[in-house]
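Last residue of the sequence shown? That's 238 in the working numbering, and every number before it is there in order.
Report on one structure; see the data block that follows.
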Amino acid sequence: MPGLLERAFDRLLLRSARVAAVQRVSDRFRLIDLEGDALKGAAWAPGHKLQVKVAGPFTARTFTPIVFDAVRGHVRLLGYAHGAGPGSDWLRRVQAGDACQVFGPHRSLALGDLAGPVVLHGDETSFGLAAAVAAAMGARAQPRCVFEVESVDEATLALQALGINAALLVERRDEAGRKQAASGLWSQGSGDGTLFVLTGRAQSIQQARQALKGHGVPASCIVAKAYWAPGKTGMD
Ligand SMILES: Cc1cc2nc3c(=O)[nH]c(=O)nc-3n(C[C@H](O)[C@H](O)[C@H](O)COP(=O)(O)OP(=O)(O)OC[C@H]3O[C@@H](n4cnc5c(N)ncnc54)[C@H](O)[C@@H]3O)c2cc1C
Numbered sequence: 003m004p005g006l007l008e009r010a011f012d013r014l015l016l017r018s019a020r021v022a023a024v025q026r027v028s029d030r031f032r033l034i035d036l037e038g039d040a041l042k043g044a045a046w047a048p049g050h051k052l053q054v055k056v057a058g059p060f061t062a063r064t065f066t067p068i069v070f071d072a073v074r075g076h077v078r079l080l081g082y083a084h085g086a087g088p089g090s091d092w093l094r095r096v097q098a099g100d101a102c103q104v105f106g107p108h109r110s111l112a113l114g115d116l117a118g119p120v121v122l123h124g125d126e127t128s129f130g131l132a133a134a135v136a137a138a139m140g141a142r143a144q145p146r147c148v149f150e151v152e153s154v155d156e157a158t159l160a161l162q163a164l165g166i167n168a169a170l171l172v173e174r175r176d177e178a179g180r181k182q183a184a185s186g187l188w189s190q191g192s193g194d195g196t197l198f199v200l201t202g203r204a205q206s207i208q209q210a211r212q213a214l215k216g217h218g219v220p221a222s223c224i225v226a227k228a229y230w231a232p233g234k235t236g237m238d
């Protein structure tokens, strides 16, 4: 039973929702739909974040909405249960019908109007972002995606579930492959107007950013946000 302070905090800051559906895409990936009147009217754009209360008290983990329907009060997320942590535990146990409290959506990555070419570099935690960006770009173009992943087979299942069929996948343990993918990232772009969006593991973002700078990509064409870093918990 939450304490008085926690209940007051929840009432003031969190939106109440219900887990409408959970799809077990693979061992570690879950596609989760949340619904609720409290989600109606929220302002959202691709790249914004949503924090989900995954345990009490005050324990939230951050996700990226793939779609956010502020009229219906519906949001879809792709969660990756990487291992040990309250967020991963929640992903493994969450079921349709569960109550759920969320904080946000809030601004995280400023992606602009996504009118030009986009290259995404990230990992399993970036798949939801890729799907949101792809949906926003629509039929006119698709983002180029480069992801470092634990398992290519599992990542492929998750990306297929999101309708992302053309991503370059490199296994995280393949250090040479990862470095090569980062140093070749600039070549995925289609000229000066390309926006490079770097998310996922902090160290990989650093490597990708350095490689892009080395190839003369201006800082103004790079948008980055670390989604996790070894040893740090609950980054937002
Ligand atoms: C803006 C933003 C958007 C995000 N969007 C998504 C999303 O849409 N889907 C999604 O699945 N995640 C997303 N993440 C990442 C997610 O919030 C983190 O992975 C989170 O730390 C997981 O919580 P946890 O309780 O399982 O682990 P924590 O308790 O936070 O961490 C425990 C340990 O696990 C490590 N760890 C954390 N994440 C990973 C990982 N992915 N792989 C390997 N080790 C890890 C930590 O470094 C730490 O050592 C996002 C993060 C941010 C900041």
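For each residue, glycine too, the CB sits at the ideal point set by N, CA and C.
Everything numeric in this text was worked out from a predicted model, so none of it was measured.
- The Cβ atoms of residue 71 and residue 156 do not sit closer than 8 angstroms to each other.
- Distance check between residue 79 and each of 146, 116, 37 places 37 closest, using alpha-carbon atoms only.
- Beta bridge pairing from DSSP links residue 230 with 203.
- Here the C-alpha atom of residue 186 lies approximately 30 angstroms from the C-alpha atom of residue 27.
- DSSP places residue 153 outside both helix and strand once states are collapsed to three, so it counts as coil.
- With a contact defined as Cβ atoms closer than 8 angstroms, residue 183 and residue 148 qualify at about 5 angstroms.
- A residue is called buried once 16 or more other Cβ atoms fall within 10 Å of its Cβ, and residue 235, having fewer, is exposed.
- Secondary structure at residue 41: helix, using DSSP grouped into helix, strand and coil.
- In this structure, ligand 1 has a non-hydrogen atom nearer than 7 angstroms to the beta-carbon of residue 231.
- In the structure shown, residue 57 adopts extended strand secondary structure according to DSSP, grouped into three states.
- For residue 203, same chain residues with a beta-carbon under 7 angstroms away, outside a window of 5 residues either side, are 125, 230, 231 in chain order.
- Bounds of the alpha helix (DSSP H) holding residue 90 are 88 to 95.
- For residue 237, the closest alpha carbon among the candidates 89, 19, 208, 73 is that of 89.
- Pairing residue 51 with residue 119 gives a Cβ-Cβ distance that is not under 8 angstroms.
- Spatial neighbours of residue 134 in its own chain (CB-CB distance under 8 angstroms, excluding positions within 5 residues in sequence) are listed in chain order as 48, 49, 66, 67, 68, 69.
- Checking the 7 angstroms criterion, the Cβ of residue 90 is within range of a heavy atom belonging to ligand 1.
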